[in-house]
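In our numbering, the protein residues as written are 91 to 208.
For glycine and all other residues, C-beta sits at the position ideal for the given N, C-alpha and C.
Okay, here's the thing in structure tokens:
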């Protein structure tokens, strides 16, 4: 008798709540990496701004978006959790899915608006 093997994770259709949860974890790791590397560069007396000034416009835009989005998304996700902690009645499957869509939309919009200010 042949043993069944588990299907690969890529065949699954993840719900928005799972994607939101994974994104929160990834943005948390990104923030940890950014803050750690910034701290190390300061300890080693490395001026990252000198490198930044030499970059072309497109590369700067990419850096802006990849720096701003994790900050915004993770912050908004934290606010959402504070709301759930204070008002558990909002912690339903329907509300979590709805707030996940709102979290993505508001984070993308805020990221674009903040980047335009730079």
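Query	Result
Restricting to runs no shorter than 4 residues, where is the alpha helix (DSSP H) found entirely within the region 143-178?	147-176
In the DSSP assignment, find the alpha helix (DSSP H) that holds residue 203 and state where it starts and stops.	183-206
Can you have a look at residue 152 and say buried or exposed, based on whether 16 or more other CB atoms are within 10 angstroms of its CB?	exposed
Hey, how far is the Cα of residue 176 from the Cα of residue 189?	16 Å
Indicate whether residue 196 and residue 166 have their beta-carbon atoms separated by less than 8 Å.	yes
In this structure, how does DSSP classify residue 125 when only helix, strand and coil are distinguished?	helix
Among the candidates 207, 119 and 182, whose CA atom is the shortest distance from the CA of residue 107?	182
Below 8 Å CB to CB, which residues in the same chain sit around residue 142 once its five sequence neighbours on both sides are set aside?	150 and 153
Enumerate in chain order the residues of its own chain whose CB-to-CB distance from residue 121 is below 7 Å, with the five nearest sequence positions on each side excluded.	160, 161 and 164
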